[in-house]
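J.:
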Amino acid sequence: MAPPLPVSKKGITGGSTPKSNTSRVSKSKKPSKSKSNPSNNDDDERIKTDVLMAIKPIHLANIVSREKNHEYRKYRLKDEVVRLWLYETKEGGQGRASITHIAVIPEGVRHTPGTVPTEPRGIGNDDFNAGLKQSKFGYPVLEVYELVKPVTLAEMKSKWGMRSAPMGWQYVRAGLWRDRWGEDDDERAERVTRVF
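And the structure:
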């Protein structure tokens, strides 16, 4: 079992973010440890500052190249969310079916149509501002990190107790967060490479 995370009044202390150095956790019901749901992670806490979501390879490539500077979704994430763990879908054999990148977004900034700045320009910004997208919320991407060791779908199922590929969004489990991000900046440098 992993050592407990240090807890402050606001939650678990976490990695650096533009406005917040804390990561908040919640406890949820532990999944059963049946043969149909193997889990090597006894710690089922969720990190409230980090969410996991699926993204098509083309959109991820546009974010990494900085041609796309906002991620658009139909749902509003809580203000405390500051990191998006991006699961690159398989999408016709083009993607890796793995969590490959972590994008940093500003705490509390949730754009609605008509409020995304026109500069710098970014793919999808004009359409979003004009109300032409199904998405209702835009999340500015401030930084992107690539995982040195992507989290494959097989690992997500066997080690982290997930039953299937991510759909919608979910909070990142504390064990996965410690393993691929963690609190220590020096150790983090071995786990992720900053893209920008």
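In this text, residue positions in the sequence shown follow my numbering: the first is 53, and each later residue adds one.
By construction, the Cβ of each residue, glycine as well, lies at the ideal position given by its N, Cα and C atoms.
If you're wondering where the values come from, they're calculated on a predicted model, not measured in any experiment.
1) Please state whether DSSP places LEU205 in a helix, a strand or coil.
2) Which two residues bound the contiguous beta strand (DSSP E) that contains LEU136?
3) Taking the alpha helix (DSSP H) that PRO109 belongs to, which residues open and close that run?
4) Would the beta-carbon of LEU228 fall within 7 angstroms of that of ALA149?
5) Count the other CB atoms, across all protein chains shown, that sit within 10 Å of the CB of GLU171; report buried if there are 16 or more and exposed otherwise.
6) Which residue from LEU129, LYS130, PRO202 and LYS108 puts its Cα closest to that of LYS120?
7) Classify TRP229 as helix, strand or coil using the three-state DSSP reduction.
8) In angstroms, rounded to a whole number, what distance separates the CA positions of ARG98 and MET219?
9) Compare the Cα-Cα distances from PRO158 to each of THR101, TRP212, ARG225 and GLY213 and report the closest residue.
T.: Answer, in terms of the structure:
1) helix
2) 135-140
3) 109-116
4) no
5) exposed
6) LYS108
7) helix
8) 17 angstroms
9) THR101
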